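Note that the UniProt record's numbering has the sequence shown beginning at 1, numbered continuously upward.
The C-beta atom is built at its ideal place from N, Cα and C for all residues, glycine as well.
Computed from a prediction, not measured in an experiment: that's the story for all the values here.
To keep things clear, I will list the structure first and then write my remarks on it.
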Amino acid sequence: MRFCVLTLFPEMIRNAVSYSVLGRAAAAGIISVEAVDIREYSRDKHKHVDDYPFGGGAGMVMQPQPIYDAYEDARRGFAKPPKVVYLSPQGRVLNQEIARELAQEEGIILLCGHYEGVDQRVLDEIVTDEISIGDFVLTGGELPALVLIDAVARMVDGVLGNESSAGEESFSGMFLEYPQYTRPREYHGMPVPEILMSGHHANIAKWRLTQSIAATIQKRPDLIEPERMTEEERRIYEKIQQEGEEPRVKSVEP
């Protein structure tokens with residue numbers, strides 16, 4: 001999958017995607033992340049890309065011409081017209097469903113705004129979707145773009161070393177992820193739950209499901225949709241509700 005980021009700070013993008021999962025996926029050719037410097041497309045002799053807003057107001061607004069020309073150049077590298085995502089606090093809030101949706105694309109172009117925003121005319125002409133990472137203000141769109149790339153890339157086949165990992169993480173389904181433990185077996189007087197040492201995979205799977213449901217009840221009850229539960233999930237859910245158990249408690253039995 002190809003990610004093409006239109007930005008004023010290309011090195012910020014290039015550096016961030018060169019590490020860990022994204023770096024390995026890029027090295028393996030599973031994904032590619034290209035950072036396009038909008039400033040290089042400015043026709044101004046001083047390479048200015050912003051100007052004062054018409055009608056007055058504080059700050060500067062990114063001009064349409066450099067962005068449009070950068071977009072025109074970038075889209076030629078795609079076999080078919082790509083989605084163009086503008087990272088904006090006005091957009092729909094990124095979640096796992098949106099990440100999964102975007103991961104089905106062959107590639108996407110991400111537009112990072114800066115200053116007080118982007119001239120509306122270029123947004124109207126090229127943008128197909130606006131996406132936010134939350135109800136707060138950031139200096140520019142680069143950090144949200146990196147968040148989106150990470151979330152989407154993890155859904156692409158072959159990016160994660162363990163293909164089951166994406167399906168087991170929090171927000172991959174209705175329930176939060178179960179608690180994880182590693183060595184040592186006891187730390188500060190807190191032992192690892194014995195069931196995880198049993199080697200009984202069916203019991204471990206039931207324990208993990210129970211912990212996932214319990215954690216969701218406690219931390220994110222808004223995610224729970226009883227009508228979507230399997231018979232086993234509903235049984236565990238109802239038992240926890242009746243007993244009032246807390247997540248990560250060894251006495252919570254499936």
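query: Beta-bridge partners of S132, as assigned by DSSP; result: V93
query: Stretch-stretch touch, CB-based, cutoff 8 Å, three pairs: the region 132-148 with the region 87-101; result: yes
query: Cβ-heavy atom distance, R39 to the ligand HEM, below 7 Å; result: Looking for the ligand HEM in the displayed structure turns up nothing, as the structure carries no ligands at all.
query: DSSP state of L123 mapped onto helix, strand, coil; result: helix
query: Bridge partner(s) assigned by DSSP for M62; result: D50 and V118
query: Residue span of the beta strand (DSSP E) that contains I109, given as start and end; result: G107 to C112
query: K83 - DSSP class collapsed to helix/strand/coil; result: strand
query: Backbone secondary structure at Y71 - three-state DSSP; result: helix
query: Which listed residue (A27, D69, L143 and V137) has its alpha carbon closest to that of I126; result: D69
query: Same chain, Cβ closer than 8 Å to G158, five either side skipped, listed in chain order; result: A25, A28 and I30
query: Cut-off 6 Å between Cβ atoms - residues of its own chain near R14, not counting five sequence neighbours on either side; result: A35
query: Residue closest to G134, alpha-carbon to alpha-carbon, out of Y181, G91, M1 and L111; result: G91
query: Closest by C-alpha distance to R76, when choosing among G189, G107 and R100; result: G107
query: P226 - DSSP class collapsed to helix/strand/coil; result: helix
query: N- and C-terminal bounds of the beta strand (DSSP E) containing A35; result: S32 to D37
query: M62 classed as buried or exposed, judged by whether at least 16 other C-beta atoms fall within 10 angstroms; result: buried
query: Three-way DSSP call (helix, strand, coil) for E101 in this model; result: helix
query: Bounding residues of the beta strand (DSSP E) (the contiguous stretch that carries L6); result: R2 to T7
query: As assigned by DSSP and simplified to three states, the class of P191; result: strand
query: Bridge partner(s) assigned by DSSP for E231; result: BP columns for E231 are empty, so no partner.
query: Cα-Cα separation between M60 and E72, rounded to whole angstroms; result: 23 Å
query: Through-space distance from F175 to E227, alpha-carbon basis; result: 14 Å
query: Spatial distance of V21 from D129 (CA atoms); result: 26 Å
query: C-alpha gap between Q65 and V122, whole angstroms; result: 8 Å
query: Straight-line Cα distance separating E116 from Y52; result: 10 Å
query: Exposed unless 16 or more other CB atoms sit within 10 angstroms - verdict on S251; result: With a pLDDT of only 40 at S251, under the threshold of 50, the placement of this residue in the model should not be trusted; the figure read from the coordinates follows. Its Cβ having fewer than 16 others within 10 Å, S251 is exposed.
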